[in-house]
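Each remark here refers to the structure printed beneath this line.
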Amino acid sequence: MAKVTFDEERCKGCRLCTSVCPKNIVVIKEDILNSRGYHPAGVTDMEKCIGCAFCAVMCPDCAITVER
Ligand code: SF4
Ligand code: SF4
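Each residue of the sequence shown is one higher than the one before, counting from 1231 in my numbering.
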């Protein structure tokens, strides 16, 4: 199973990663605020991740790491 980690402090909540995930498991965590005042992205259901890394490639802030 792939593992996706988000650097929540780097994330600016732009939602680009949420739009490219083919499994629709990347969401904005509306209940969390980082120190810059943004809601960071995260994965809801890691078991469904196929490790395609589309999310990581799309992130303009290099906040996502995908391990396969
Ligand atoms: S690696 Fe692919 S399937 Fe997994 S969360 Fe990122 S975009 Fe979605
Ligand atoms: S693309 Fe990067 S900066 Fe934008 S919401 Fe996703 S993790 Fe955050």
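Ideal placement from N, C-alpha and C gives every residue a C-beta, glycine not left out.
Predicted model, so just to flag it, every value in this text is computed and none were measured.
- Judged by DSSP in its simplified three-state form, A1271 adopts strand.
- Distance between I1262 and H1269, taken at the CA atoms: about 6 Å.
- Here the C-alpha atom of G1267 lies approximately 17 Å from the C-alpha atom of V1257.
- Secondary structure at E1277: helix, using DSSP grouped into helix, strand and coil.
- The continuous stretches of alpha helix (DSSP H) do not include C1289, and DSSP gives it neither H nor E.
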